[in-house]
Structure formats: C-alpha cells, structure tokens
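Q:
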Amino acid sequence: MPSDRWGAPHWARCVSLAFTLLYAPVQALGQSSEPRPDNVRLITSPSTSEEPSVIAGQAVVREVYARCGLQVEYLNAPAARAVYMAENGQSDGELARIPMAVTSGAPLIPLEPPLEELHLVPLYLNPELPSDHRILSGNRVGYINGYRMVDSILPPEVIQVPTTSTAKLVQLLELNRIDVALALHWDAISAVHKNPKLLIGEHLITAPLYHYIHSSHEQDQPCLSEQLSAIKQSGEFEDIVAKILARPFPENSAPQQVAPQPDTLPEAALPGN
C-alpha cells in the first residue's frame, strides 16, 4: 500500500503552506501597523543589495527624492516579487526596471528621463571566446536568478547556471564552473576592478531603465522629473555611479534597508521581471 506520506492530507498541507510562504511575506512588506509620515516613500528594490548597480540606483533615487523634500525607505524583495509589489500598490514605487519587465496597464508611471540605458553584457575569462551574442552558443552561462530578460537571448542548448549575485558569478568563472556570466554593465565594470583579467563583451540587450512611481503619488512626478534631469545634466549622476563602481567588489555597502526578506522562494512562481 502507498505510504500515508503521499496521501491527500499531506498534499493539502503542502499546498496550504506554499501559498502561505508565497504571499505572507509580500503582505508583511507592504503593510505597517504604524502610519508613515507624508514625506516618506517606500520603494521596492531587488534583494541582491550587494550589487553595485542596485547600490548606485538607490543612491541616485534617494538624492532625487531628497531634493523634492521626500525621504526614501527601500523594501528588499526578490527581483520578480519587487515589481509585483509595486504594481499592486504594496509600495510607492520600484527602484528601476526596463519597460518590458512591467505589466502592461499596471498603475506605475515611468519617471522621465530614464535613469540610464541598461546594457546586459557577457563577462568572461577566456580571450578566445567571441565577444558578441555568439558567446552564448554551446557554453555554460551563468546569470542572476529573477532577471528574466535573460530568457529572451539564451539559445535552447545552453547550460543555464542561475545564481544570486554578480560576485557569485565571478566566483563561478574563476572556478571554471561556467564559461560566461551575464551581468549588467555597471556590475561588470565593478567586477573588473576586482579581477582585471575579466573581459566584458558587447551589449546583448539594450533598453531604457526607468524609475517607476505608483500612480497614487502622481503629484510627485513633476518635481522628481525636474530633479532627475538636473542631476543628469550637471554630471552628478555620473559622479555618484563612478564612486560606487570604484569601491571594493563585492564588499560594497548598501544604504540601510527596511523589512528585509529572504530571497529563497522560487522565482518561477512569481509574476515576471
């Protein structure tokens, strides 16, 4: 006879537990028993908070909001869940996304101008590999789990190795566990500061990267847009990013976060990034 371990009651409990784990943290992040001051905005951010690109983005967005008399508190969440929370009003905005990563019709407003052009690049050690999209064919390719734009460029025969950070991708390259790492250009530059033998290939994906605000705070948009434009035109944007990318990698220290959550739930179960 089959064991009771696989009987209906067991599976019912498993399904119940899965739903509890999936949705309870999201609700906890987006809700608070204490009212927030009117000038505080909760912004979701990928929980890969040691990433230089995330740290740089947080620093820029925090400065933009400060110039409008607003204070930013960041909510850590896995990459796919973070934008889902913003779309559902569980935060006041999303740190940075390309348009294809945001659900059509969601109540999120892209802040003009874009923060930057996002470039996804190959990072590798073998100088004999091609530097363009051909580098993906027949190789072991590592990438950060939850960055689903990667799916659009990976050939079906590729051996995929998802992990949680650019620092771990670099370790896998150095240990010869992968041949190519896919990384955001800022993170790749920071990795080269650590290991000058690393090579950065050509852009595989290029798209505008926007900060998004929830439509319930549409009144913030004019000031935020004006201040973001001013920071970019004055060169302060480049200065902020350059200082962060020059820090030791991966020991970059991110601004203090609120309500951090473990990044352990399967990304496949969450809406897209």
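Heads up: take any position in the sequence shown, counting from 1, add 1293, and you land on our numbering.
Each residue gets a CB set at the ideal place from its N, CA and C atoms; glycine is no exception.
1. Since Leu1429 and Val1473 are thought to touch, with beta carbons under 8 angstroms apart, how far apart are those beta carbons, to the nearest angstrom?
2. Can you say whether Arg1329 is buried or exposed, counting buried as having 16 or more other CB atoms within 10 angstroms of its CB?
3. Just reading off the beta strand (DSSP E) that Gln1383 is part of, what are its end residues?
4. Terminal residues of the continuous beta strand (DSSP E) containing Thr1499?
5. Checking 7 angstroms against the spacing of the C-beta atoms, do Ala1481 and Val1434 come in under that value?
6. Please state whether DSSP places Ala1399 in a helix, a strand or coil.
7. Residue range of the beta strand (DSSP E) that Ser1338 falls in?
8. State the DSSP-derived secondary structure class of Leu1475, mapped to helix, strand or coil.
9. Check whether the segment 1444-1463 touches the segment 1522-1532, taking contact to mean three or more Cβ pairs, one atom from each stretch, closer than 8 angstroms.
10. So, at 7 angstroms on beta carbons, what are the nonlocal neighbours of Gln1520 in its own chain, with the 5 sequence-adjacent residues on each side left out?
11. Put Gly1435 into one of helix, strand or coil per three-state DSSP.
12. Have a look at Leu1517 and Val1454 and give me their C-alpha separation to the nearest angstrom.
13. For Ile1446, collect the residues of the same chain with a Cβ closer than 6 angstroms to its Cβ; drop the 5 residues on either side in sequence, then sort them by chain order.
14. So which of Gln1351, Tyr1505, Asn1469 has the shortest CA-CA distance to Ile1537?
15. To which residues of the same chain is His1507 closer than 8 angstroms at the C-beta, ignoring the five residues directly before and after it?
16. Can you give me the C-alpha to C-alpha distance between Val1365 and Glu1405, rounded to a whole angstrom?
A: So, from the listed chains and residues:
1. Indeed, because the Cβ distance is near 7 angstroms, the residues count as touching under 8 angstroms.
2. Residue environment: Arg1329 is assigned as exposed (fewer than 16 neighbouring CB atoms within 10 Å of its CB, all protein chains considered).
3. Annotation: Gln1383 is outside any beta strand (DSSP E) and is labelled neither H nor E by DSSP.
4. Note, Thr1499: beta strand (DSSP E), 1498-1507.
5. With contacts defined by Cβ atoms closer than 7 angstroms, Ala1481 and Val1434 do not form a contacting pair.
6. Reduced to three states, the DSSP call for Ala1399 is coil.
7. From DSSP, the beta strand (DSSP E) with Ser1338 extends over 1333-1339.
8. Reduced to three states, the DSSP call for Leu1475 is strand.
9. Verdict: no, contact absent.
10. Hits under 7 angstroms: Val1357, Arg1360, Cys1361.
11. Assignment of Gly1435 by DSSP, reduced to helix, strand and coil, places it in the strand class.
12. The C-alpha of Val1454 is placed about 38 angstroms away from the C-alpha of Leu1517.
13. These residues qualify, in order along the chain: Leu1497.
14. Of the listed residues, the one whose Cα sits closest to Ile1537 is Gln1351.
15. The residues are Ala1379, Gly1382, Ser1384, Asp1385, Gly1386, Pro1400, Leu1401, Ile1402.
16. Approximately 18 angstroms, taken between the alpha carbons.
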